[in-house]
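Worksheet: one structure, shown below.
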Amino acid sequence: MVLAKVWKLKSHFVGFPKSSDFLLEEEELPAIKDGELLLEAEFLSVDPYMRPYSVMNMKEGDVMIGSQVAKVVESKVAEFHVGSFVVSHAGWRSHSISTGDSLQALPSTWPTELPRSLALGVLGMPGLTAYFGLLEICGPARGETLLVNAAAGAVGMLVGQIGKIKGCRVVGFAGSDPKVELLKELGFDSALNYRSVSSLDAALAQAAPGGYDCFFDNVGGDFLCAALPHMKHRGRVSVCGGISMYNDVTSQKLTFPQLTLIFKELKVEGFMVTRWQHRRDEGIAALAAWVKEGKLQYRETVTEGFSAMPDAFMGLLRGDNVGKAVVRA
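Using this note's numbering, the letters of the sequence shown map in sequence onto residues 434 to 762.
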């Protein structure tokens, strides 16, 4: 028997999550059977999507969802060897039993100089989100201007750097002065703290007087409405997230620029990265090559200890993280 630690949703979130909304329990896992393997979490991911997902798809008592890098500690599945590592969608569990379905094995050639946690970041879902969400929806071309908000987050910082690789001028907005300095270090042409500007509209205009060809939106709400009038004719907007609204108790009342969409003939498209699951290997190969070449840098905020999962999640929603937020079990 293996004793697994499991974080569950004790109470549905009302506004910003609280520590009391989570419940840590222990579960006895049975011995694995033929066709099963036992996994032990090494790194666990916390991501913004978990907040709206909990409202739409979870009930109280459910295990918190999420992906993890896990070690195979026992196996009765020929394809998975003891001591190998996989990306699993087991949620907030220290140990889990799997049949191997939907597991993504880390290659045996994984570079020793790269932490395995990157399989949850630049070489995982956030990296693929940035890669496909920008290139397939916005289709940035050399010489165009790209706008990115939440630009110091796991996805945003990669979007901006990919834009630079493709020859764009990149404008990024983040939520603190240290994050703004990081964006400048990463090669953003202009970086601004949205919390310190007196007028978001004026800041957007000043950063790109000629307007924006592409906009990768992680924030939604007021920022999206302020940015759309600054798009160029037939600009493209990739709608990835809406973190500004995830903790709202009541719906925001926004003045949506409908006529701007019409007269500027804007393309505004939301997406889920699973749309390109069949091209996952292609995306990871391109991202890994850019990392090795030094063209794509990453940052991680690592919280220590499985018991700190709720704290890491709430810190993410406050914007405490720089780059990808992970928990080392």
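We put the beta carbon where it would ideally sit given N, CA and C, even for glycine.
Buried or exposed: where does residue i fall if 16 or more other Cβ atoms within 10 Å of its Cβ makes it buried?
i           : result
residue 588 : buried
residue 446 : buried
residue 688 : exposed
residue 663 : buried
residue 558 : buried
residue 632 : exposed
residue 582 : buried
residue 754 : buried
residue 483 : buried
residue 497 : buried
residue 684 : exposed
residue 639 : exposed
residue 718 : exposed
residue 511 : exposed
residue 635 : exposed
residue 711 : exposed
residue 436 : exposed
residue 450 : buried
residue 488 : exposed
residue 646 : buried
Return the first residue and the last residue of the alpha helix (DSSP H) that residue i is part of.
i           : result
residue 562 : 558 to 565
residue 723 : 713 to 726
residue 490 : 483 to 490
residue 696 : 691 to 696
residue 640 : 633 to 640
Tell me which residues share the same chain as residue i and place their Cβ nearer than 8 Å to its Cβ, disregarding the 5 neighbours each side in the sequence.
i           : result
residue 517 : 504, 505, 538, 539, 541
residue 741 : 760
residue 756 : 554, 585, 586, 587, 590, 731, 732, 733, 734
residue 466 : 509
residue 463 : 434, 530
residue 744 : 452, 736
residue 699 : 661, 664, 667, 668, 669, 670, 693
residue 706 : 558, 561, 562, 565, 566
residue 716 : 560, 561, 564, 565, 709
What are the start and end residues of the beta strand (DSSP E) that includes residue i?
i           : result
residue 614 : Segment 610 to 618 is the alpha helix (DSSP H) holding residue 614; no beta strand (DSSP E) there.
residue 594 : Looking at the DSSP string, residue 594 is not in any beta strand (DSSP E); the run it does join, the alpha helix (DSSP H), is 589 to 598.
residue 536 : No beta strand (DSSP E) contains residue 536, which DSSP labels as neither H nor E.
residue 750 : Per DSSP, residue 750 belongs to no beta strand (DSSP E); it is in the alpha helix (DSSP H), 742 to 751.
residue 703 : 700 to 703
residue 625 : 623 to 626
residue 654 : Per DSSP, residue 654 belongs to no beta strand (DSSP E); it is in the alpha helix (DSSP H), 654 to 660.
Going by the DSSP bridge assignment, what does residue i pair with across the sheet?
i           : result
residue 647 : 579, 669
residue 528 : 473
residue 461 : 436
residue 501 : 477, 521
residue 738 : Answer is none; residue 738 lacks a bridge partner.
residue 507 : 471
residue 426 : Because residue 426 is not part of the residues shown, which for the chain are 434 to 762, the question remains open.
residue 456 : 441
residue 790 : Past the edges of the chain, shown from 434 to 762, lies residue 790, and the structure says nothing about it.
residue 607 : 626
residue 496 : 441
residue 586 : 756
residue 602 : 578
Excluding the five sequence neighbours on either side, which residues of its own chain have a C-beta within less than 6 Å of the C-beta of residue i, listed in chain order?
i           : result
residue 453 : none
residue 601 : 573, 577, 579
residue 672 : 650, 703
residue 457 : 440
residue 709 : 565
residue 605 : 581, 584, 593, 616, 621, 624
residue 603 : 579, 593, 596, 597, 621, 622
residue 491 : 442
residue 653 : 675, 677, 678
residue 474 : 501, 503, 527, 762
Given residue i, which residues of its chain have a CB within under 7 Å of its CB, disregarding the five upstream and five downstream residues?
i           : result
residue 637 : 659, 660, 663
residue 619 : 590, 593, 594, 730
residue 642 : none
residue 478 : 499, 500, 501, 553, 759
residue 493 : 442, 443, 444, 445
residue 749 : 479, 481, 758
residue 524 : 496, 497, 498, 499
Any beta carbon of chain D sitting closer than 8 Å to that of residue i?
i           : result
residue 492 : The question asks about chain D, but that chain is absent: this structure has only one protein chain.
Practice task
Decide if the stretch 600 to 610 is in contact with the stretch 622 to 632; the criterion is three or more beta carbon pairs, one per stretch, under 8 Å apart.
Solution key: Cβ pair count under 8 Å is three or more, so yes.
Problem - Sufficient close CB pairs (3 or more, under 8 Å) joining the stretch 716 to 730 to the stretch 681 to 700 - result: Taking 8 Å as the limit for Cβ pairs, the verdict is that the stretch 681 to 700 does not touch the stretch 716 to 730.
Practice task
Could you tell me whether the stretch 654 to 664 touches the stretch 672 to 691, where touching means 3 or more Cβ pairs closer than 8 Å?
Solution key: Flag = yes, the stretch 654 to 664 and the stretch 672 to 691 touch.
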